[in-house]
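A.B. asks: First residue of the sequence shown: 277, per the working numbering; consecutive thereafter. Where a beta carbon is used, it is the ideal one built from N, C-alpha and C, also for glycine. Quick caveat, the model's predicted, so the values are computed rather than measured.
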Amino acid sequence: MKAVLSAFVGHMTKFQLAERQTPDLDAELAALEDEDGEGIVGDEDVESEEEEGEVEDGDELAPEVRESDETVVDEVADEADLEHRLPSLSLRDAKAGQIALTKLRKLAQKIHWSLTICEALAEDCEAVNVWPRHIVRDVSTRWNSSTELIHSVLLIEKALSCLVIRKEFNRPRGVRLERFMLSRAEWEILKGIKPLLDAILYATKEVSQSAVPMVHPIIPLINSITAIFDKFIDNLNSHPAVCHAAFRGLLMLNKYYKRTDDAVVYQIAMLMHSSTKTSYFIRAGWSAEWIGATVTPEGRLTLQKS
């Protein structure tokens, strides 16, 4: 998930560092930050902020974990720019995606910590005839919270557009929600990335919902995700940031996929399970050389001796 979203969170690649800078987009990103003295919520919700603020501390990743993750993600991002399957992701396209997701995350945070804003959002939902929805907060330690956030806001897009222009939420030194208003192009970027993130969320739930983890469904599931990534990468109508998000996800997935070639447990599980066996590999288009090496008596003997 981190590799996919790296195209949206400001992970600068070597190619982008060498590009001409984008002061207009940098200024737009800077405007999304709170000024000195501003809190998460407005004056009317100061007490709720003080009561709830400590909850945030538990959502932080350990520094060593974050550093390790970022190193791997940066390597994948650079690798994507070196490949010729897609043109390198330009700094301007990358920041367009970053601005869209940053606006969404910060707006969700403001809504989450303010009962007043939550009540106003419910009113706006009723006014535009949509069912009031809970806005899921994006948390760094919860892998799929970005997916759930995007899903929840797309259901109430019109209501959010009404909420952010309310005068009571745009006073000086207040929450100033209007700066988080998404443009039509930014909404389209989020709508473009949502189906890709949905596929990852589905795969995560499929793997984690079983009380007893099973080995044999993993490779077919990875193959399905790979096909989805390929579809997004090759979609010329998608925003470049969405295409690169899929490409980075595919490159990260392949890093783990390659390890199954030497994993005897995976090979035995796939060959022995009644729903897969040799026929699965043939249907999936695996090379005859790999299938022969593991299915023939000589190949099985190799597995037994490993």
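Can you give me the C-alpha to C-alpha distance between residue 476 and residue 524, rounded to a whole angstrom?
C.D. replies: 13 Å
A.B. asks: Between the stretch 381-390 and the stretch 451-467, do three or more beta carbon pairs fall short of 8 Å?
C.D. replies: Contact between the stretch 381-390 and the stretch 451-467 is present, because at least three Cβ pairs lie under 8 Å.
A.B. asks: Please classify residue 296 as buried or exposed, where buried requires at least 16 other C-beta atoms within 10 Å of its C-beta.
C.D. replies: That one is exposed.
A.B. asks: For the alpha helix (DSSP H) that residue 530 lies in, which residues bound it at each end?
C.D. replies: 516-533
A.B. asks: Nearest CA to the CA of residue 279: which residue from 291, 306, 350 and 294?
C.D. replies: 350
A.B. asks: Using the three-state DSSP reduction, which class does residue 404 fall into: helix, strand or coil?
C.D. replies: In the structure shown, residue 404 adopts coil according to DSSP, grouped into three states.
A.B. asks: Could you give the distance in angstroms between the alpha-carbon of residue 287 and the alpha-carbon of residue 353?
C.D. replies: 8 Å
A.B. asks: Would you call residue 484 buried or exposed, if buried means 16 or more other Cβ atoms sit within 10 Å of its Cβ?
C.D. replies: exposed
A.B. asks: Roughly how far, in whole angstroms, is the beta-carbon of residue 561 from the beta-carbon of residue 514, given that I think they are within contact range, below 8 Å?
C.D. replies: That pair is no contact at about 25 Å.
A.B. asks: At the level of alpha carbons, what is the spacing between residue 394 and residue 387?
C.D. replies: 6 Å
A.B. asks: I'd like to know whether the C-beta atoms of residue 505 and residue 473 end up nearer to each other than 8 Å.
C.D. replies: no
A.B. asks: Tell me the DSSP secondary structure of residue 299 in three-state form.
C.D. replies: The answer is helix: DSSP assigns residue 299 an H, G or I state.
A.B. asks: When DSSP labels each residue in this structure, what does residue 477 get in the three-state scheme?
C.D. replies: helix
A.B. asks: Under a Cβ-count criterion, where at least 16 other Cβ atoms within 10 Å of its own Cβ denotes burial, should residue 300 be classed as buried or exposed?
C.D. replies: exposed
A.B. asks: Would you call residue 329 buried or exposed, if buried means 16 or more other Cβ atoms sit within 10 Å of its Cβ?
C.D. replies: Any reading at residue 329 must be qualified, since the residue scores a pLDDT of 40, below 50, and its modelled position is unreliable; no value is offered.
A.B. asks: Determine the closest residue to residue 345 out of 277, 451 and 360, with distance taken between C-alpha atoms.
C.D. replies: 277
A.B. asks: Going by the beta-carbon positions, is the gap between residue 481 and residue 426 smaller than 8 Å?
C.D. replies: no
A.B. asks: Would residue 442 and residue 396 qualify as a contact pair, given that the criterion is a beta-carbon distance under 8 Å?
C.D. replies: Taking 8 Å as the Cβ cut-off, residue 442 and residue 396 qualify as a contacting pair.
A.B. asks: Taking just the CA atoms, how far does residue 390 sit from residue 436?
C.D. replies: 15 Å
A.B. asks: According to DSSP, is residue 256 helix, strand or coil?
C.D. replies: The structure shown does not extend to residue 256, since the chain is modelled only from 277 through 582, so no value can be given for it.
A.B. asks: Which class does residue 465 belong to by DSSP, given the choice of helix, strand or coil?
C.D. replies: If DSSP states are grouped into helix, strand and coil, residue 465 belongs with the helices.
A.B. asks: Give me, in chain order, the residues of the same chain whose beta-carbon lies closer than 6 Å to that of residue 411; leave out the 5 immediate sequence neighbours on both sides.
C.D. replies: 384, 387 and 428
A.B. asks: If I'm right that residue 519 touches residue 358 with Cβ under 8 Å, what's the distance once you round it to whole angstroms?
C.D. replies: Incorrect: roughly 16 Å between the Cβ atoms, too far for contact.
A.B. asks: So is residue 526 in contact with chain C if we call contact Cβ pairs under 8 Å?
C.D. replies: No chain C appears in this structure, which consists of one protein chain only.
A.B. asks: Residue 379: which of 293, 503 and 309 sits nearest, CA to CA?
C.D. replies: Closest in alpha carbon position to residue 379, among 293, 503 and 309, is 309.
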